[in-house]
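S.K.: Mapping of the sequence shown onto full-length UniProt numbering: residues 1 to 535, in sequence order.
Sharing a structure below in structure tokens format, with a few things to ask.
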Amino acid sequence: MSGSINFSPYQPPPDVPSTDPPSDSNSLLGGRGKGKAKRPWFNRDASYANTYQSGGNLSDPSSVPQAYTNDPESSAYAGGSGMNGSASEDRANAWESRFGWRVDVMAAATYLGGPITALIFLILETQNDYVRFHAYQSALLTTPLLALLLLFNLVIRLPTFLRVLLILGSICVTLYASFRAWKDAQEGLGRYWLPYIGEIAEKSMIPASSHKFSQRATDMSSRWSNEFNMIIYNIRHRHLLRFILLILSFICLLGLLTFHLPPPSFLPSPNSHYHPISPFRVPPTLFRPPPDPSRPTFLSPPLAPKKNGMVVPNSVHYVYGLKPVKEGEKVPELPYYAYLAMKSALMVLKPEKMYFHYVNLPTGPWWDLISPHLTLTPTIVPHSVFGNELNHFAHQADILRLMIMKHMGGIYLDIDMFIIKPFDDLMYESTTLAMEMSPDSRRDKLDPTGLCNAVIVSEPGSVFINRWLTSYDTFNQDSWARHSVEIPWEIARRYPDEIQVLNHKAFFWPMWHGDEVQRVHERNEYDFWGSGQYA
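Right, dumping it as structure tokens:
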């Protein structure tokens, strides 16, 4: 043969551009090559180069843009239609995004703004699964963290040290998740799953490749119409809709909680003057709460209510043994009816503590049975109020029960009150009293002689109780029931929003005389449980 035969592999003709990246002249000459090229912010600028941003991989020939579009063999290798074939579409660029922004930056940014940026990227980024996954994971992480921070700052006041730890921990976790999202994008789009959260985000995510509107439009108007349809489809998808509603609800709740909050104390007022601050200064927020100077030392702090929403502490109070005992006389035994009354309160009301405020402790077998269930509280008898003398032990007991209600709150009961049903529906009001049933039948039922203080249900610091106590500045011991029965009824009519008034059948029915005694004790005709009354 006249010419030499070339057995080398097929070489592209000179007029076909090469797919290999251009050689660096410095490298060919043995010099030091340039460092890693700076990635563009927009993927479309490098969409036809075998770079990181375009998802190129030298070991994967399918990721290299085919230059032999006119060659039959290359067309067959690419699926019969070159780069426009369905196989190439299926191997779509994993780094592409809807607006052409860098995937690593977007994935990291989903964490930095909490639920807000997560929601923004979930709605706007409809093409890149990697960004959408991290947007889901960010919302699942930052929404509960923000809720906890609000809870412990607005509702449950934690010590400053614990609050600082919680804030720093939340920031560190969020920044680490953001860093991992950015780092994994640099190393091949591996998805980092946060414990428990990552699996939920993966299952809840709607893959961008599954959208029926994912086909790229050829012209600009069709392209924007296609993207709008993708957004509508995402919003209509029930999983994404739940997620969006959850985040929007949380943002609205955050706004409601912070709307009425005072401005931060560290912000200077317009009239404030800057001055040097001593490095030894102790912030007032670290001070321990001061003791209540008005609360007598023999009274304990108030207990917590039984349930959320209740304002009355879950405690019961009795005042007993204020009557002086002459020298040489024994303290009377506890009557059987008093034992039954306290036993009924213990069984029906189920208080956290039952306080027994006393001067002289009773004795006897019934006392021995009930005393282990009581919190014994020695008391100091008040002998005057606002300069007015209190000589009778009944008037002293009137003042003492109001002091207990003011500083401790709870349920005060006379020693002869037998409890029939729980007071739970009364524990949501600041103060509750019931009308006293007068023996005078000529009085209207809604115009009683007053409110009876044998049962008082009150929160600590009640405005009504404070008004009632203040009224004793006009106390006159010659008027037996003026301040204990009549005055509270006058205050209730003057300030009806400060008290809940019940009718006489709530606590004080049947009466202690006439036909009522016969119905209860002789003929046994009265049904206490059927009446629905409390005591």
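For every residue, glycine included, the Cβ atom is placed at its ideal position computed from N, Cα and C.
Determine the contact status of alanine 201 and leucine 140, defining contact as a CB-CB distance below 8 Å.
M.R.: Taking the first residue of the sequence shown as 1, we reach residue 201 at position 201. Taking the first residue of the sequence shown as 1, we reach residue 140 at position 140. In contact: alanine 201 and leucine 140 (Cβ atoms closer than 8 Å).
S.K.: Along the chain, where does the alpha helix (DSSP H) that runs through alanine 139 open and close?
M.R.: Here residue 139 corresponds to residue number 139 of the sequence shown, with the count starting at 1. It spans 129-150 - the alpha helix (DSSP H) in which alanine 139 sits, taken as one unbroken run.
S.K.: Leaving out the 5 sequence neighbours to the left and right, which residues in its chain are closer than 8 Å to proline 296 when beta-carbon positions are compared?
M.R.: Along the sequence shown, one-based indexing puts residue 296 at 296. Only Ile380, Met403, His407 meet the Cβ criterion.
S.K.: Among the residues of its own chain, which have a CB less than 6 Å from the CB of isoleucine 499, if the five just before and after it don't count?
M.R.: In the sequence shown, the residue the question calls residue 499 occupies position 499. Contacts found: Thr431, Phe464, Ala492.
S.K.: Between which two residues does the alpha helix (DSSP H) carrying serine 344 extend?
M.R.: Position 344 of the sequence shown holds residue 344. Start and end: 336-348.
S.K.: Leaving aside the five residues before and after leucine 194 along the sequence, list all residues of the same chain whose C-beta is less than 7 Å from its C-beta, in chain order.
M.R.: The count along the sequence shown starts at 1 and reaches residue 194 at position 194. Only Gln137, Leu141, Ala177 meet the Cβ criterion.
S.K.: Quick one: Cα of tryptophan 529 to Cα of valine 316, how far?
M.R.: Translated into the one-based positions of the sequence shown, residue 529 becomes position 529. Translated into the one-based positions of the sequence shown, residue 316 becomes position 316. Tryptophan 529 and valine 316: Cα-Cα distance of roughly 22 Å.
S.K.: Using the Cα positions of threonine 375 and phenylalanine 356, report the straight-line distance between them to the nearest angstrom.
M.R.: Translated into positions along the sequence shown, residue 375 becomes position 375. Translated into positions along the sequence shown, residue 356 becomes position 356. Their Cα atoms are separated by approximately 6 Å.
S.K.: Go ahead and pull the three-state DSSP assignment for alanine 535.
M.R.: The residue you call residue 535 lines up with position 535 of the sequence shown. In the structure shown, alanine 535 sits in coil (DSSP, three-state: anything other than H, G, I, E or B).
S.K.: Select from Asp497, Leu151, Asp104, Gln396 the residue whose C-alpha is nearest the C-alpha of tyrosine 130.
M.R.: As a first step, residue 130 is located in the sequence shown; it is residue number 130 there, counting from the start. The shortest C-alpha separation from tyrosine 130 is found at Asp104.
S.K.: DSSP on asparagine 503, reduced to helix/strand/coil?
M.R.: Numbered from 1 along the sequence shown, position 503 holds the residue referred to as residue 503. Three-state DSSP puts asparagine 503 in coil, outside helix and strand.
S.K.: When the Cα atoms are used, what is the spatial distance from proline 144 to isoleucine 120?
M.R.: Locating residue 144 in the sequence shown gives position 144, where the first residue counts as 1. Locating residue 120 in the sequence shown gives position 120, where the first residue counts as 1. For proline 144 and isoleucine 120, the distance between alpha carbons rounds to 18 Å.
S.K.: Is the Cβ-Cβ distance between proline 324 and asparagine 314 less than 8 Å?
M.R.: The count along the sequence shown starts at 1 and reaches residue 324 at position 324. The count along the sequence shown starts at 1 and reaches residue 314 at position 314. Not in contact: proline 324 and asparagine 314 (Cβ atoms no closer than 8 Å).
S.K.: Here's a check: name, in chain order, each residue in its chain whose Cβ is nearer than 6 Å to the Cβ of aspartate 398, leaving out the five neighbours to either side.
M.R.: Residue mapping note: residue 398 aligns to position 398 of the sequence shown, counting from 1. Around aspartate 398: Ser484.
S.K.: Taking 8 Å as the cut-off, does the stretch 359-374 touch the stretch 413-422 (at least 3 CB pairs, one atom from each stretch)?
M.R.: The answer is no - the stretch 359-374 does not touch the stretch 413-422, with fewer than three Cβ pairs under 8 Å.
S.K.: How is the beta strand (DSSP E) around glycine 410 delimited, first residue to last?
M.R.: In the sequence shown, residue 410 corresponds to position 410, counting from 1. Start and end: 410-413.
S.K.: Would glutamate 333 be called buried (16 or more neighbouring beta carbons within 10 Å of its own) or exposed?
M.R.: Taking the sequence shown and counting its residues from 1, one reaches residue 333 at position 333. Glutamate 333 should be labelled exposed.
S.K.: In this structure, does DSSP put threonine 474 in helix, strand or coil?
M.R.: What you label residue 474 is simply residue 474 of the sequence shown in a count that begins at 1. In the structure shown, threonine 474 sits in a helix (DSSP, three-state: H, G or I).
S.K.: Please list, in chain order, all residues of the same chain as asparagine 391 whose beta carbon is under 7 Å from its beta carbon, the five residues on each side excluded.
M.R.: Along the sequence shown, read from residue 1 onward, the residue named residue 391 stands at position 391. Within the same chain, asparagine 391 has close Cβ partners Gln477.
S.K.: Counting C-beta neighbours from all protein chains within 10 Å, is the total for phenylalanine 133 16 or more, i.e. buried, or is it exposed?
M.R.: By 1-based counting over the sequence shown, the position of residue 133 is 133. Per the 10 Å Cβ criterion, buried.
S.K.: Quick one: measure Cβ to Cβ for serine 462 and isoleucine 487, integer angstroms, because I've assumed they're closer than 8 Å.
M.R.: As a working mapping, residue 462 is identified with position 462 in the sequence shown. As a working mapping, residue 487 is identified with position 487 in the sequence shown. Not really, about 15 Å apart at Cβ, beyond 8 Å.
S.K.: Could you have a look at lysine 406 and say whether DSSP puts it in helix, strand or coil?
M.R.: Start at 1 with the first residue of the sequence shown, and residue 406 comes out as number 406. Helix.
S.K.: Ignore the nearest five residues each way along the sequence and tell me which others in tyrosine 111's own chain have a CB closer than 6 Å to its CB.
M.R.: As a position in the sequence shown, residue 111 is number 111, starting the count at 1. These residues qualify, in order along the chain: Ser138, Thr174, Ala177, Ser178.
S.K.: Leaving out the 5 sequence neighbours to the left and right, which residues in its chain are closer than 8 Å to asparagine 466 when beta-carbon positions are compared?
M.R.: Your numbering for residue 466 matches position 466 in the sequence shown. Excluding sequence neighbours, asparagine 466 sits near Lys406.
S.K.: According to the Cβ coordinates, are leucine 349 and proline 422 closer than 8 Å?
M.R.: Looking up residue 349 in the sequence shown gives position 349. Looking up residue 422 in the sequence shown gives position 422. A contact, by the Cβ cut-off of 8 Å.
S.K.: So for methionine 435, helix, strand or coil by DSSP?
M.R.: Counting from one through the sequence shown, the residue named residue 435 turns up at place 435. Reduced to three states, the DSSP call for methionine 435 is strand.
S.K.: If I follow the unbroken beta strand (DSSP E) through methionine 354, where does it start and stop?
M.R.: What you label residue 354 is simply residue 354 of the sequence shown in a count that begins at 1. Start and end: 353-358.
S.K.: Taking buried to mean at least 16 other C-beta atoms within 10 Å of its own C-beta, is glutamate 459 buried or exposed?
M.R.: Taking the first residue of the sequence shown as 1, we reach residue 459 at position 459. So glutamate 459 counts as buried.
S.K.: Among residues of its own chain, excluding the 5 on either side of proline 351, which ones have a beta-carbon nearer than 7 Å to its beta-carbon?
M.R.: The residue given as residue 351 occupies position 351 in the sequence shown. Hits under 7 Å: Asn314, Ser315, Val316.
S.K.: Kindly indicate which residue of Met354, Pro448, Leu369 has the alpha-carbon position closest to the one of glycine 410.
M.R.: The residue given as residue 410 occupies position 410 in the sequence shown. When each option's Cα is compared against that of glycine 410, the closest is Met354.
S.K.: Excluding the 5 residues flanking asparagine 503 on each side, which residues of the same chain have their C-beta closer than 6 Å to its C-beta?
M.R.: In the sequence shown, residue 503 corresponds to position 503, counting from 1. Result list for asparagine 503: Met435, in chain order.
S.K.: Does proline 268 pass the burial test, meaning 16 or more other C-beta atoms within 10 Å, or should it be called exposed?
M.R.: For the purposes of this step, residue 268 is taken as the residue at position 268 of the sequence shown. Low confidence applies here, because proline 268 scores a pLDDT of 49, under 50, leaving its location unreliable and the question unanswered by this model.
S.K.: Do alanine 535 and phenylalanine 418 come within 8 Å of each other at the CB atom, strictly closer than that value?
M.R.: By one-based count along the sequence shown, residue 418 stands at place 418. By one-based count along the sequence shown, residue 535 stands at place 535. Taking 8 Å as the Cβ cut-off, phenylalanine 418 and alanine 535 qualify as a contacting pair.
S.K.: Looking at C-alpha atoms only, which residue of Leu166, Ile156, Asn360 is the closest neighbour of glutamate 329?
M.R.: The residue you call residue 329 lines up with position 329 of the sequence shown. Among Leu166, Ile156, Asn360, the Cα nearest to that of glutamate 329 is on Asn360.
S.K.: Measure how close the beta-carbons of leucine 286 and phenylalanine 393 come, nearest whole angstrom, since I'm counting them as under 8 Å.
M.R.: Here the question's residue 286 lines up with position 286 in the sequence shown. Here the question's residue 393 lines up with position 393 in the sequence shown. Incorrect: roughly 46 Å between the Cβ atoms, too far for contact.
S.K.: With a threshold of 8 Å on Cβ separation, who are the neighbours of glutamine 533 within its own chain once the five nearest residues in sequence on each side are excluded?
M.R.: For the purposes of this step, residue 533 is taken as residue 533 along the sequence shown, with counting starting at 1. The answer, listed in chain order, is Ile420, Lys421, Lys505, Ala506, Phe507, Trp509.
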